[in-house]
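Single-structure report; data block below.
2 protein chains.
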Amino acid sequence: MFTVRTRSSGSPARTGTLRLTHGDVRTPAFVPLATKGVVKTLEPHEVAGLGYELIFANTFHLLLAPGPELVARFGGLHGLMRWDRPIVTDSGGFQVFSMGHGNVADEVKGRGQRAGREREGAILAIEEEGVRFRSYVDGRERFLSPEGSMEVQAALGSDIALVFDECTPFHATREYTARSTERTHRWLRRCLSWHARHGPEGQVVYGIVQGGVEQDLRRESAQTVAASACDGIAIGGSLGADKAQMREVVAWATTELDRRAPARPRHLLGIGEVDDLIAGVELGIDTFDCAMPTRLGRHGVALVPDPLARWRVDLTKASWRNSVDPILDGCPCPACAHGYSRAYLHHLLRAGELTALRLVTLHNLGFVARLMEDLRAGIDAGRLEEVASALRAGGAPGATSCTAG
Amino acid sequence: MFTVRTRSSGSPARTGTLRLTHGDVRTPAFVPLATKGVVKTLEPHEVAGLGYELIFANTFHLLLAPGPELVARFGGLHGLMRWDRPIVTDSGGFQVFSMGHGNVADEVKGRGQRAGREREGAILAIEEEGVRFRSYVDGRERFLSPEGSMEVQAALGSDIALVFDECTPFHATREYTARSTERTHRWLRRCLSWHARHGPEGQVVYGIVQGGVEQDLRRESAQTVAASACDGIAIGGSLGADKAQMREVVAWATTELDRRAPARPRHLLGIGEVDDLIAGVELGIDTFDCAMPTRLGRHGVALVPDPLARWRVDLTKASWRNSVDPILDGCPCPACAHGYSRAYLHHLLRAGELTALRLVTLHNLGFVARLMEDLRAGIDAGRLEEVASALRAGGAPGATSCTAG
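Protein chains in written order, with the working numbering: chain A, 1 to 405; chain B, 406 to 810.
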């Protein structure tokens, strides 16, 4: 289901194609979130129009509403959403455990402990069999097990299912992480076993590498997952306290995977900042998902080729009140191509107009799509280093030499 | 600037064309609100794509933010918004007075007194010179006069400006309404006088008929406005406690206008329910504006050809949880044409997904656009009565004999 086209000479980076039931996905690729069955503010055909071939839906949220039975009655998520390209579903582990461990984005990625306490109690018990929790939709007690997660994902009809794992937080002890990672490996076997017997035809399964920030645990986890019969491999859990550590932790995993499962596709869970995407591609990651481009969009923050500003411009700031400039000169996204000024977007954002949230979302997803296209073109042309340098220095995606010509 | 094409034989209804600086508008027409410089949730090109040729922007809100100076620097609203078709701006009177008289939609239209007290105090003084009020944006004291309103509308660069009027509420006494209507007439003269000297080339001015629900005051007001040099005539203020009274009040005005200003276009302010649009067209109204189709859309309520349900279906209701049907079979709007089921829209609305607010807005505006197209076709074919009956009986807009063939 995965074909490598070009291997980079100077790095583990590679281009390839995922051949899935609902179509092909050119890699490396960013995968926009369709958490509750929609890419927030957009229609599916618009996401496809930006060049995306794969979206990432959320088993946990869709289990609670509208529920797998309803989704199955519509012929799966594809039928419900009217999206005819591939879909990957996560297992729900990330969300279930975030209820116990606190705010996921902050906590699992190691950015502090706030919000943890508020939501404590939503998770009721973590057992070998699975996890008991309370639904945020109707307050009912629910149970999710490895087999249960695979069953829901079968009903959702995704092209790629992820195995159920415990997503250990940054602040877990080494002992907790070790025990948790072992249980995740036992759950991996249960998921694969359920899927071999009951999985829908055409759905492939990715295992998940855990192990926190402990080198030996990460490497062992990568070895264990690589030794399993999974079709692809995701890297999850805590990746460290900062970007440097994150890259180190990812490299431990990818080094093992390069050795033991070079032909299987790799997904990096929850990572999608511009510099992290470039670094991830250089480490040999094939796909990425992240809330960042869409979430920033809904906060009026647009992506621009400005590394010193973390590739961001906050359009809600008063400095843009009079700006006649578009978000980004020459950008082909609908927001820029239709000629809306920063001043107009600023006005709409200040006035709380939903149109603006959508326009900045379109811009951000367009920006990331072109970034990935540049990286793919760079690898295929044997010039990844040059392309990555240009992008890191503030080159606009879509304007690098490999794609512009 | 207005040409009547066909006069209905059985009623004062007529089709025509408004020839404005930014293009032609076929009438009768519904005019979607772009209150703060955007039709909520949509882009301008999408509004045009639904068939709309004119939008309605709000002087009061745009005065406060982003301010007329900024709008003028962008070449007016057309430049700021990137909308190249005609725009009508109201005068701000409706909003200014609603601060003193309470919630506009409920109070001015006679539907109770709630919300009035909460907002009292935002209006500081009503004087012959104009109105002093406090800005909801920054709390600053502001002043709006007839001349000031026209000056702002000149800066906005609308195709049609409305004169500054006092919008008298339903619960005002006859004496208050009489005095207020007289002042509105003095303000009409001041507006026209300012505009004759300073108005931008290509901008036309509509006078406004007030007079509340008093027959003699309404008729006198219509006579006074018809006797002025205004280019078109709007009907505003309180139109009564129910639909029957509203139609009676509108008829007093249109009867006078038919006699004294038959060649000038007429706009009915703030009215846009399906049955009211049909009745308004029969009374000889040429254009209508109303928040209803867009506001309902943002609350998940879609327009359908079901008179017994006031042409509405509330998609947030649990009854649609499993519905595979689109909002409306055969509807060409983006929401229906893309095949989204009521179940999917219900799920998205319950999940708070902005995509759904936009889809229902698109559907509702599409519905109203086709309704108006049917009424125009009915008049031109000499079959308005038949078309109106079919629509009132639950015929789907766009499927009546005059347009379907």
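All C-beta atoms in this analysis are idealised placements derived from N, C-alpha and C, irrespective of residue type, glycine included.
Item checked: Local conformation of glycine 539 of chain B per DSSP, three classes -> The residue asked about is misnamed: residue 539 of chain B is arginine in this sequence, not glycine. If DSSP states are grouped into helix, strand and coil, arginine 539 of chain B belongs with the strands.
Margin query: Does histidine 78 of chain A come out as helix, strand or coil in the three-state DSSP assignment?
Written below: helix
Margin query: Is asparagine 364 of chain A close to chain B? Criterion is C-beta to C-beta, closer than 9 Å.
Written below: no
Margin query: Taking the alpha carbon of glycine 702 of chain B as the reference point, which residue from B:Gly735, B:Glu778, B:Pro437, B:Leu529 has its own alpha carbon closest?
Written below: B:Pro437
Check: Do alanine 279 of chain A and alanine 226 of chain A have their C-beta atoms within less than 9 Å of each other?
Finding: no
Notebook entry, point to check: With C-beta atoms as the reference, is aspartate 680 of chain B less than 9 Å away from arginine 797 of chain B?
Noted result: yes
Item checked: Per-residue DSSP class, three states only, for valine 430 of chain B -> strand
Margin query: So the candidates are B:Arg763, B:Leu764, B:Cys736; which of them puts its Cα closest to the Cα of phenylalanine 772 of chain B?
Written below: B:Cys736
Check: When burial is assigned at 16 or more other CB atoms within 10 Å of the CB, is leucine 688 of chain B buried or exposed?
Finding: buried
Check: Roughly how many whole angstroms lie between the Cα atoms of lysine 36 of chain A and alanine 241 of chain A?
Finding: 29 Å
Checklist line | Status (buried if at least 16 other CB within 10 Å, exposed otherwise) for leucine 239 of chain A | finding: buried
Checklist line | As assigned by DSSP and simplified to three states, the class of valine 614 of chain B | finding: strand
Check: What does threonine 418 of chain A touch in chain B if you count any residue whose Cβ is under 8 Å from its own?
Finding: As shown, chain A starts at 1 and ends at 405. That puts residue 418 of chain A outside it, with no answer to give.
Notebook entry, point to check: Is glutamate 118 of chain A helix, strand or coil when you go by DSSP?
Noted result: The predicted model places glutamate 118 of chain A with a pLDDT of 38, which falls under 50 and marks its position as unreliable; any figure quoted below should be read in that light. Looking at glutamate 118 of chain A - three-state DSSP - the assignment turns out to be helix.
Checklist line | Helix, strand or coil at glycine 378 of chain A according to DSSP, with G and I counted as helix | finding: helix
Check: CA-CA distance, leucine 217 of chain A and asparagine 322 of chain A?
Finding: 53 Å
Check: To the nearest angstrom, how far is it from the Cα of glutamine 620 of chain B to the Cα of alanine 696 of chain B?
Finding: 27 Å
Next item on the list: Along the beta strand (DSSP E) that carries phenylalanine 288 of chain A, what are the first and last residues, could you check?
Entry: 287-289
Margin query: Less than 9 Å between the beta carbons of leucine 750 of chain B and alanine 801 of chain B, yes or no?
Written below: no
Notebook entry, point to check: Between proline 334 of chain A and chain B, is there a C-beta pair that is closer than 9 Å?
Noted result: yes
Notebook entry, point to check: Comparing alpha-carbon positions, which option in A:Ile55, A:Val25, A:Asp24 lies nearest valine 434 of chain A?
Noted result: Any question about residue 434 of chain A goes unanswered here, given that chain A covers just 1 to 405.
Check: Out of curiosity, what's the CA-to-CA distance linking tryptophan 488 of chain B and valine 430 of chain B?
Finding: 14 Å
Next item on the list: State the CB to CB distance for the pair arginine 155 of chain A and proline 68 of chain A, rounded to an integer number of angstroms; the pair is presumed to be in contact (CB under 8 Å).
Entry: Arginine is not the amino acid found at residue 155 of chain A; the sequence shown has alanine there. Indeed they touch by this definition, with Cβ atoms about 4 Å apart.
Next item on the list: Check whether the Cβ of proline 471 of chain B lies closer than 9 Å to any Cβ atom in chain A.
Entry: yes
Notebook entry, point to check: Between the Cα of aspartate 779 of chain B and the Cα atoms of B:Glu546, B:Ser794, B:Val765, which residue gives the shortest distance?
Noted result: B:Ser794
Notebook entry, point to check: Who are alanine 302 of chain A's beta bridge partners in DSSP?
Noted result: A:Val313
Margin query: Mapping the DSSP letters down to three states, classify arginine 412 of chain B as helix, strand or coil.
Written below: strand
Check: For the beta strand (DSSP E) that contains valine 47 of chain A, what are its first and last residues?
Finding: Here valine 47 of chain A belongs to no beta strand (DSSP E); instead the alpha helix (DSSP H) covers 44-49.
Check: With contact counted as at least three CB pairs below 8 Å, one residue from each stretch, are the region 305-316 of chain A and the region 331-340 of chain A in contact?
Finding: no
Margin query: Suppose the cutoff is 6 Å on Cβ atoms and the five residues either side in sequence are ignored; what does the same chain contact list for arginine 478 of chain B look like?
Written below: none
Notebook entry, point to check: When you compare each of A:Asp258, A:Val249, A:Leu359 to alanine 302 of chain A by their alpha carbons, which one comes out closest?
Noted result: A:Leu359
Next item on the list: Quick one: measure Cβ to Cβ for alanine 229 of chain A and leucine 192 of chain A, integer angstroms, because I've assumed they're closer than 8 Å.
Entry: 6 Å
Checklist line | glutamate 791 of chain B versus B:Gly803, B:Cys807, B:Leu776, residue with shortest Cα-Cα distance | finding: B:Cys807
Item checked: is_contact[alanine 756 of chain B, chain A] using C-beta, thresh 9 Å -> yes
Notebook entry, point to check: Are the CB atoms of histidine 752 of chain B and alanine 65 of chain A nearer to each other than 9 Å?
Noted result: yes
Notebook entry, point to check: Ends of the beta strand (DSSP E) at glutamate 141 of chain A?
Noted result: 141-144
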